[in-house]
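Visitor: Quick one: structure below, then a few questions.
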Amino acid sequence: MKPPGTGSQLTLHGLGHSARGRRWRFMLIGPTGVGKTTLLAALEHRDGVEAAKTQMIDYSGWGIDTPGEYSELGHLRRALTTVVVDADVLVVAQLSTSERSVFPPNYFLMFNQETVGVVTQVDLPGADVARASGLLREVGVTGSIFPVSVMTGAGISELRELLQGQIESSKE
Ligand SMILES: Nc1nc2c(ncn2[C@@H]2O[C@H](COP(=O)(O)OP(=O)(O)OP(=O)(O)O)[C@@H](O)[C@H]2O)c(=O)[nH]1
Ligand SMILES: [Mg+2]
């Protein structure tokens with residue numbers, strides 16, 4: 018397994034182990050093209066990487082990356098419900114310019130894990146952070162919501178700090 022956030026502080030933090038005895042990890046969830054893989058690269062200080070379409074659930078990084086289809090398509094979404102056991106925190110991505118969520122109302126309330134929302138690509142014209150945040154609440158995201166842009170860097174360090182804080186508290 019390659020070290021998460023190579024060359025950064027995340028190398029150490031990312032190797033924190035959860036109370037359940039395995040490496041602490043978050044999982045990025047959301048439809049295709051919202052920017053999950055690009056966001057993960059930015060969180061790992063790998064800025065400027067043009068993300069390829071995610072084809073499989075990817076456990077190689079600091080967070081577990083999922084293909085958007087696992088959020089969009091019924092039969093794959095059922096698989097997602099079993100894969101989330103590998104994560105300590107669910108990071109749910111909602112595109113800032115989208116008028117709807119792909120998830121049913123209160124979907125994330127069925128999971129035990131903490132849920133964090135990200136409103137992605139807030140640099141785009143037509144971005145509506147309030148609408149996207151409302152959609153995240155409707156689908157059951159109860160934790161903090163971070164408006165982010167990998168283009169401008171907005172919100173990235175705040176989200177990284179929250180996740181690092183979760184690692185620290187998982188060791189206690
Ligand atoms: N303007 C803008 N574009 C972004 C931002 N983040 C990602 N993108 C672009 O959005 C496209 C999709 O990004 P990905 O990170 O591949 O999206 P994904 O959610 O991982 O998609 P899947 O792998 O299909 O699930 C890419 O062309 C990115 O360059 C952002 O903050 N602002
Ligand atoms: Mg991807």
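First residue of the sequence shown? That's 18 in this note's numbering, and the numbers climb one at a time after it.
From the three backbone atoms N, C-alpha and C, an ideal C-beta is built for every residue, glycine too.
Say yes only if the C-beta of alanine 68 is nearer than 7 Å to one or more non-hydrogen atoms of ligand 2, and no if none qualify.
Guide: Yes - ligand 2 has a heavy atom lying nearer than 7 Å to the Cβ of alanine 68.
Visitor: Is threonine 137 near ligand 2, going by C-beta to nearest heavy atom under 7 Å?
Guide: Flag unset: Cβ of threonine 137 not near ligand 2.
Visitor: Given glutamate 89, which residues of its chain have a CB within under 6 Å of its CB, disregarding the five upstream and five downstream residues?
Guide: So the list reads Pro48, Val119, once near-sequence residues are dropped.
Visitor: So serine 161 packs on leucine 180, CB below 8 Å; how close in whole Å?
Guide: The Cβ separation is near 11 Å, so there is no contact.
Visitor: Mind checking whether the beta-carbon of threonine 98 lies closer than 7 Å to any heavy atom of ligand 2?
Guide: Incorrect: threonine 98 has no Cβ contact closer than 7 Å to ligand 2.
Visitor: Is there contact between the region 129-139 and the region 107-115, where contact requires at least three CB pairs shorter than 8 Å?
Guide: They touch, by the three-pair rule.
Visitor: What does the alpha-carbon distance come out to for the pair glutamate 61 and alanine 171?
Guide: Answer to the nearest angstrom: the Cα atoms are 15 Å apart.
Visitor: In whole angstroms, give me the CA-to-CA distance for threonine 28 and alanine 147.
Guide: Bear in mind that a pLDDT of 43 at threonine 28, under 50, signals an unreliable position, so the model cannot answer this.
Visitor: Could you round the C-beta distance between alanine 58 and valine 51 to whole angstroms and report it? I think they count as a contact, below 8 Å.
Guide: So it is not a contact: roughly 14 Å between Cβ atoms.
Visitor: Let me check understanding here. Comparing Cα to Cα, which of Ile184, Ile173, Tyr76, Phe125 lies closest to arginine 95?
Guide: Minimum Cα distance to arginine 95 is reached at Phe125.
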